[in-house]
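According to this note's numbering, the sequence shown holds residues 1 to 146 in order. Written below as C-alpha cells is the structure these notes are about.
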Amino acid sequence: MRLSSLRATGLASTLALTVLFGCGYRHDSNAFFVENWSSEYEIVNSCEPTNHPRGGHMEVWIDPSGFAAFTAGEPLPDGSVLLKPQWDESSSCSDDPDLYTVMRAKTGNAWDWQTVGRKGDIEETNAGDCSSCHATCGESLMCTFP
Ligand code: HEC
Numbered sequence: 001m002r003l004s005s006l007r008a009t010g011l012a013s014t015l016a017l018t019v020l021f022g023c024g025y026r027h028d029s030n031a032f033f034v035e036n037w038s039s040e041y042e043i044v045n046s047c048e049p050t051n052h053p054r055g056g057h058m059e060v061w062i063d064p065s066g067f068a069a070f071t072a073g074e075p076l077p078d079g080s081v082l083l084k085p086q087w088d089e090s091s092s093c094s095d096d097p098d099l100y101t102v103m104r105a106k107t108g109n110a111w112d113w114q115t116v117g118r119k120g121d122i123e124e125t126n127a128g129d130c131s132s133c134h135a136t137c138g139e140s141l142m143c144t145f146p
C-alpha cells in the first residue's frame with residue numbers, strides 16, 4: 001500500500017472510532033438538570049476558581065423558577081436547580097465541563113445533591129460530605145449566595 005493511502009486509511013479509522021466511541025455526552029434522564037441547561041438556565045456566577053477540593057474553575061447556573069425567586073430575593077421554590085459545571089484544566093470555562101455538581105431544592109432549606117461526570121454518567125446522589133460542608137456556608141446551605 002502506498003504511504004498516501006495508508007494515511008487515508010488511518011484517518012478513516014480514526015474518524016470511525018471517534019464516531020463510535022467519541023467524546024460524546026449522554027444525558028441521564030435521572031440527572032437533576034436538563035440537557036440543554038446552557039440555553040435554558042441563567043448564569044449567576046461566571047467563570048472563576050472553585051474552592052471545591054477537586055480544584056479548577058466553575059460557573060453557577062440556576063433554573064428559571066429558581067432564578068425568578070433569586071432575583072426577587074425570595075427563598076428558592078421546591079425543585080429549583082443549582083448547577084455548577086466545573087473544569088479541571090480550562091481557566092476560561094470554555095470546553096465541555098469535566099464535572100457537574102448539582103443541588104435540587106426540597107421543602108425546608110433542604111436539598112438533594114448530585115455529581116455527574118463529563119460524559120453524563122451520574123457519579124453520586126446525596127453523598128454525605130456535600131451537605132456537611134455546605135452547612136458551614138449558612139442556613140440555606142448555599143455557598144455562592146447564602
Ligand atoms: C469542602 C466543602 C465542600 C464540599 C465537600 C462540597 N461543596 Fe459544593 N460548594 C462549596 C463552596 C465553597 C461553594 C462555592 C463555589 C465554589 O467555590 O465552588 C460550593 C458551591 C456549590 C454549588 C453552587 C451553589 C452554591 O451552593 O453555591 C453546588 C451546586 C454545589 N456546591 C454542589 C455540591 C455537591 C453536589 C457536593 C457533594 C458531591 C458538594 N457541593 C460538596 C463547598 C463544598
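Ideal Cβ positions, reconstructed from N, Cα and C, are used throughout, including at glycine. Since this is a predicted model, take the numbers as computed values, not measurements.
Residue i - DSSP class collapsed to helix/strand/coil
{"i": "His134", "result": "helix"}
{"i": "Asp40", "result": "Residue identity differs from the one stated: residue 40 is Glu in this sequence, not Asp. Of the three classes helix, strand and coil, the one that applies to Glu40 here is helix, per DSSP."}
{"i": "Gly117", "result": "strand"}
{"i": "Thr50", "result": "coil"}
{"i": "Ala127", "result": "coil"}
{"i": "Pro64", "result": "helix"}
{"i": "Thr71", "result": "helix"}
{"i": "Asn30", "result": "coil"}
Cβ neighbours of residue i in the same chain (closer than 6 Å, five flanking residues each side left out)
{"i": "Glu35", "result": "His27"}
{"i": "Tyr100", "result": "Pro85, Val116"}
{"i": "Ser65", "result": "Pro77, Ser80"}
{"i": "Gly120", "result": "Tyr25, Arg26, His27, Asp28"}
{"i": "Phe67", "result": "Glu42"}
Cβ neighbours of residue i in the same chain (closer than 8 Å, five flanking residues each side left out)
{"i": "Val102", "result": "Ala31, Phe32, Phe33, Val81, Leu82, Leu83, Lys84, Trp113, Gln114, Thr115, Val116"}
{"i": "Ser38", "result": "Trp61"}
Cβ-heavy atom distance, residue i to the ligand HEC, below 7 Å
{"i": "Cys133", "result": "yes"}
{"i": "Leu99", "result": "no"}
{"i": "Val102", "result": "yes"}
{"i": "Trp37", "result": "no"}
{"i": "Thr115", "result": "yes"}
{"i": "Cys47", "result": "no"}
Own chain residues within Cβ distance below 7 Å of residue i, not counting five before or after
{"i": "Asp78", "result": "Ala105, Lys106, Thr107"}
{"i": "Ser159", "result": "Shown here, the chain extends from 1 to 146; a query on residue 159 therefore has no answer."}
{"i": "Arg118", "result": "Asp96, Pro97, Asp98, Leu99"}
Review point. What are the start and end residues of each continuous beta strand (DSSP E) run of 3 or more residues lying completely inside the stretch 69-112, in chain order?
Key: 81-87, 99-106, all fully within the stretch 69-112.
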